[in-house]
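This report concerns only the one structure given below.
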Amino acid sequence: MNKRIKQQIAFWTLRIMSSIVVLFLVLILGFIISKGIGVINWKFLTTMPEDGMTKGGIYPAIIGTFCLVGGSMLFAFPIGVMSGIFIHEYAPNGFFKNFVQLMTNNLAGVPSIVFGLFGMSLFVNKLEFGDSILAGSLTLGLLVLPVVIRTTEEALKSVNDSFRLASYGLGANKLQTIWRVVLPIATPNIITGLILSIGRVSGETAPILFTVAAYYLPTLPDSMYDQVMALPYHLYVLSTSGTNIKESRDMAYGTALVLVLIVLIANLVANAIRRFLSKKVKMN
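So, in structure tokens, the structure goes:
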């Protein structure tokens, strides 16, 4: 078998595997859309749940999800980016750097329910934040922190060292080089970490189950110390342990579709920002 035939077999195998993945994605999205599109309307999106969540809308769950996503990103993104910069740009090669990278990789693989139990022990009980947006946001922030750190490191690695050397040659110090040269080039790839983090935080149930999520709370939060409803937990409750699962089934499909749309819109916005920054870097 010659090299060309082997290459064609490999390409077609990859095409078939990719097509299967896309097919499953289309089937899942098609199922959710077909079941949930009939439920979604203005009332569903802007009113409180009623009659044990068998009627009404999911407005508190939408607001709660935005609060948790925003709070977790405010915590995880700055710390993760600064940690990635320190590890790649400042930490010397050796035991400490290898140990931190190993622990970061291990944390990225820890099940989310472990983070939930840790958040309940530390933020809810030890620091006495109670079941609150603050406790839930910090827990979710810890959950995605390893992702932000690793993507920041990889983004910084992708910056050619010639840019750093040119900056040093012009008299800039290390901090100026990182801030004015390296970060602008790496930012589009760093945003990848933000996209992945938003997607994961939006759909997590286990961490918020122990730290913030309310079963039925048809009110909006007044402060960061309040409990909230959230779309992932709301969907879980409607599907498994609601007061009347059959009557709330349509609302569950509608909730799932809204959650998918929120993640999709967040990803599209982040990708648009990344493309804009990439063009800006190329122009400069």
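Numbering (my numbering), first residue to last: 2 to 285. Ideal Cβ placement from N, Cα and C applies to all residues, glycine included.
Tell me whether residue i is buried or exposed, calling it buried when 16 or more other Cβ atoms sit within 10 Å of its Cβ.
i, result
"Gly39", "exposed"
"Leu30", "exposed"
"Asp162", "exposed"
"Ser35", "exposed"
"Pro79", "exposed"
"Ile196", "buried"
"Thr47", "exposed"
"Thr66", "buried"
"Val148", "buried"
What's the gap between the Cα of residue i and the Cα of residue j?
i, j, result
"Phe257", "Ile263", "Checking the sequence shown, residue 257 turns out to be Ala, not Phe. The straight-line gap from Cα to Cα measures roughly 10 Å."
"Ser138", "Pro208", "9 Å"
"Gly117", "Leu24", "33 Å"
"Ala92", "Ile64", "40 Å"
"Gly170", "Thr178", "10 Å"
"Ala187", "Gly57", "45 Å"
"Asn99", "Thr105", "10 Å"
"Ser279", "Pro189", "6 Å"
"Met121", "Ser224", "19 Å"
Might you give, ordered along the chain, the residues of its own chain that have their beta carbon closer than 8 Å to the beta carbon of residue i, omitting 5 neighbours on each side?
i, result
"Leu69", "Ile134, Gly137, Ser138, Leu141, Val202, Ile209, Val213, Val229, Ala231"
"Ile199", "Val70, Met74, Val264, Ala267, Asn268, Ala271"
"Ile41", "Gly255, Leu258, Val259"
Residues in the same chain with beta-carbon distance under 7 Å from residue i, minus the five sequence neighbours each way, listed in chain order, please.
i, result
"Ile274", "Ile192"
"Glu154", "Gly85, Ile88, His89"
"Ala253", "Leu236, Leu239, Ser240"
Taking residue i as the reference, which of the options has the closest Cα?
i, options, result
"Pro233", "Tyr216, Ser224, Thr220, Met225", "Tyr216"
"Gly255", "Leu236, Phe124, Thr241", "Leu236"
"Ile150", "Lys281, Gly85, Ala77, Phe12", "Gly85"
"Gly37", "Gly95, Lys280, Ser279, Leu260", "Leu260"
"Met1", "Ser249, Leu28, Phe45, Trp180", "Not covered by the structure: residue 1. The range shown for the chain is 2 to 285."
"Val145", "Gly72, Ala187, Asn94", "Gly72"
"Val101", "Gly81, Ala62, Thr14, Leu176", "Gly81"
"Lys281", "Pro185, Leu103, Leu15", "Pro185"
Go ahead and pull the three-state DSSP assignment for residue i.
i, result
"Gly57", "strand"
"Glu155", "helix"
"Pro50", "strand"
"Val229", "strand"
"Ala92", "coil"
"Ala173", "coil"
"Ala207", "helix"
Grab me the residues of residue i's own chain with a C-beta within less than 6 Å of its C-beta, minus the 5 sequence neighbours each way, in chain order.
i, result
"Thr152", "Thr193, Gly194"
"Phe164", "Val182"
"Phe124", "Phe130, Ala136, Leu139"
"Ser168", "Thr178, Val182"
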